[in-house]
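Heads up, the sequence shown is in the numbering used here, so the first residue is 929 and it goes up one at a time.
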Amino acid sequence: MTVVDAIFLFIAGFLSGVVNAIAGGGTFLTFGAMTLTGLPPIVANATSSITQFPGYVTSTLAYAKEIRADWKEALLLGALSLVGGLAGAMLLLSLSNPSFRALVPWLLLAATAIFAAGPYLKPKTLSPEKPISPLGLALQCITSIYGGFFGAGMGIMTLAVLGLTKGGDYHRLNALKNFVAVVIAAMAIVVFASGGVVGWPQAAVMVPAGAIGGYAGVWAARRVPQPVIRGLVVAVGLALTVYYFVTG
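This is the structure we're talking about:
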C-alpha cells in the first residue's frame, strides 16, 4: 500500500462515515476504493465492514436520545439483525473471489437502484408511534442477511423497511438504522476476521477516518439537504457499476 493509496483510502473512509450517518451508501465508497487499490473483492468487502463499524458506532452514540425512545424495538431489530448478519457473512465466505466478482456489478446495480428509489419508498402517512409490523421484522431479517453478505445500500434498505412498516420522524428511523448497522457489522467482523479475509493495513487507515466521518455525518444530516448527498452517492454507485461490468 503506497502513501497515495493510504490518502485515497482515508478520504474514502471519512466520506463513507458521513454518508452512512445521513442515509447509508458508504460501502459504495469503501468497497470501490479498496478494489481500485488492488484488494480482491471478497477481502475488500470484508474489510469494508470493519472500516465502517466505527462510523456506525459514533453515529449511533450521537443518536442516543432517539434510540432510548425506541429501545424495545431497537433490541428486537438488533436480535434479528444479529442472526441475519451471521447468515450473510457465512454465505460470503462460502464463495470464491471469481464467483463473488461475477456478482459484484449486479449487486452494485441493485443497491444503486434501491438507494435512488429510497425517497419514494417511505410513505408520509404512518403514525410516529406505530410499532413495526411482523412484515417489517421479516423484511429486516432479509435486509440484515444482505448486509452481512455485501452491505452496499443496506442503510437505505433498512430505512425503507422502517418507513414502510413503522413510519415516524426521519431522525428516529435513522437512529434505528444506525443501531442495527452496528449489530450487523459487528457480527460480520467476527466472521470475516476468523475467516482470514480482512485487509488489516487498509482497515488501519480507514477505521479512524470512518469514525470521524460518522460523527460529522450526524451534524451534516441536520444541515445538508439529503438530495445533494443522495445524488452524489447514486453517481458513485452508477460509476462503480459501469466499471465492474466493463472490467468483468
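Glycine included, every Cβ here is placed at the ideal spot set by N, Cα and C. Bear in mind that the values here come from a model prediction, so they are computed numbers and not experimental data.
- Query: When burial is assigned at 16 or more other CB atoms within 10 Å of the CB, is K993 buried or exposed?
  - Reply: Your numbering for residue 993 matches position 65 in the sequence shown. Counting Cβ neighbours within 10 Å, K993 comes out exposed, since fewer than 16 surround it.
- Sort A1131, R1150, I1084 and G1145 by Cα distance to A1045 and report the nearest one. Taking the first residue of the sequence shown as 1, we reach residue 1045 at position 117. Of A1131, R1150, I1084 and G1145, the residue nearest in Cα terms is I1084.
- Could you check which residue in R1150, G1013 and V1126 has the C-alpha nearest to that of A949? Indexing the sequence shown from 1 puts residue 949 at position 21. Nearest of R1150, G1013 and V1126 to A949, Cα basis: R1150.
- Item | Residue closest to L1008, alpha-carbon to alpha-carbon, out of V1111, A1131, I1140 and A1139 | Along the sequence shown, one-based indexing puts residue 1008 at 80. Nearest of V1111, A1131, I1140 and A1139 to L1008, Cα basis: V1111.
- Item | Residue burial classification, P1059 (beta-carbon count within 10 angstroms, cutoff 16) | As a first step, residue 1059 is located in the sequence shown; it is residue number 131 there, counting from the start. Looking at its Cβ environment, which holds fewer than 16 other Cβ atoms inside 10 Å, P1059 is exposed.
- Message: Give me the residue from N1102, P1155, A1080 and G1159 with the minimum Cα distance to V1089.
- Response: Walking along the sequence shown from the start, residue 1089 turns up at place 161. Answer by Cα proximity: N1102.
- Alpha-carbon to alpha-carbon, I939 and M1134: For the purposes of this step, residue 1134 is taken as residue 206 along the sequence shown, with counting starting at 1. For the purposes of this step, residue 939 is taken as residue 11 along the sequence shown, with counting starting at 1. C-alpha separation (whole angstroms): 8 Å.
- Return helix, strand or coil for S1022, following the three-state DSSP convention. Position 94 of the sequence shown holds residue 1022. Note: S1022 maps to coil in three-state DSSP.
- Query: Cβ atoms of G945 and G1123: under 8 Å apart, would you say?
  - Reply: Translated into the one-based positions of the sequence shown, residue 1123 becomes position 195. Translated into the one-based positions of the sequence shown, residue 945 becomes position 17. Cβ distance not < 8 Å, so G1123 and G945 don't count as in contact.
- Count the other CB atoms within 10 Å of the CB of V971; is the residue buried (16 or more) or exposed (fewer)? Translated into the one-based positions of the sequence shown, residue 971 becomes position 43. The residue is buried, with at least 16 neighbouring Cβ atoms inside 10 Å.
- Task: Using the Cα positions of G1081 and Y1098, report the straight-line distance between them to the nearest angstrom.
- Result: By one-based count along the sequence shown, residue 1081 stands at place 153. By one-based count along the sequence shown, residue 1098 stands at place 170. Roughly 17 Å between the two C-alpha positions.
- Item | Chain-order list of residues whose beta-carbon lies under 6 Å from that of G954 (same chain, five-residue window excluded) | Position 26 of the sequence shown, counted from the first residue, corresponds to residue 954. Excluding positions up to five away in sequence, the list reads S944, V947, N948 and Q980.
- Message: Taking the straight line between their C-alpha atoms, what separation do you get for G1096 and A1139?
- Response: Taking the first residue of the sequence shown as 1, we reach residue 1096 at position 168. Taking the first residue of the sequence shown as 1, we reach residue 1139 at position 211. Between G1096 and A1139, the C-alpha separation is close to 27 Å.
- Message: I'd like the ranges of any alpha helix (DSSP H) spanning at least 4 consecutive residues and lying wholly in the region 1127 to 1161.
- Response: 1128 to 1149
- Query: In chain order, what residues of the same chain have a beta carbon less than 7 Å from the beta carbon of N1025, not counting five sequence neighbours either side?
  - Reply: Here the question's residue 1025 lines up with position 97 in the sequence shown. Once the five neighbours on either side are set aside, the close Cβ partners of N1025 are P968, P969 and I970.
- Message: Between the alpha carbons of L1005 and I1070, how many angstroms are there, rounded?
- Response: Your numbering for residue 1005 matches position 77 in the sequence shown. Your numbering for residue 1070 matches position 142 in the sequence shown. Going from the Cα of L1005 to the Cα of I1070 covers about 12 Å.
- Kindly indicate the opening and closing residues of the alpha helix (DSSP H) around T963. As a working note, residue 963 is residue 35 in the sequence shown. T963 -> alpha helix (DSSP H) spans G954 to L964.
- Task: Return the Cβ separation of L1106 and S1022 in integer angstroms, given the expectation that the two are a contact with Cβ distance under 8 Å.
- Result: Locating residue 1106 in the sequence shown gives position 178, counting from the first residue. Locating residue 1022 in the sequence shown gives position 94, counting from the first residue. What sits at residue 1106 in the sequence shown is Asn, not Leu. Not a contact, Cβ separation roughly 28 Å.
- Message: Tell me which residues share the same chain as G941 and place their Cβ nearer than 6 Å to its Cβ, disregarding the 5 neighbours each side in the sequence.
- Response: For the purposes of this step, residue 941 is taken as the residue at position 13 of the sequence shown. For G941, where only same-chain residues beyond five positions count, the Cβ hits under 6 Å are T979, M1134, A1137 and G1138.
- Item | I935 versus F959 - alpha carbon distance | Indexing the sequence shown from 1 puts residue 935 at position 7. Indexing the sequence shown from 1 puts residue 959 at position 31. Cα to Cα, the separation comes out at about 15 Å.
- Answer yes or no: the CB of K1058 versus the heavy atoms of the ligand SAM, is any distance below 7 Å? The model on display carries no ligand, and the ligand SAM is accordingly not part of it.
- In chain order, what residues of the same chain lie with their CB nearer than 6 Å to the CB of A1039, ignoring the 5 residues before and after it? The residue labelled residue 1039 in the question sits at position 111 within the sequence shown. Counting only Cβ-Cβ distances below 6 Å, and skipping sequence neighbours, we find A1080 and G1081.
- Message: For S977 and A1113, I'd like the C-alpha separation in whole angstroms.
- Response: The sequence position of residue 977 within the sequence shown is 49, counting from 1. The sequence position of residue 1113 within the sequence shown is 185, counting from 1. Rounded to whole angstroms, S977 to A1113 spans 5 Å at the Cα level.
- Any idea what DSSP makes of K993, helix, strand or coil? Counting from 1 along the sequence shown, the entry for residue 993 is found at position 65. Note: K993 maps to helix in three-state DSSP.
- Item | Beta-carbon proximity list for L1063, same chain, < 7 Å, skipping 5 on both sides | For the purposes of this step, residue 1063 is taken as residue 135 along the sequence shown, with counting starting at 1. Excluding positions up to five away in sequence, the list reads T1093.
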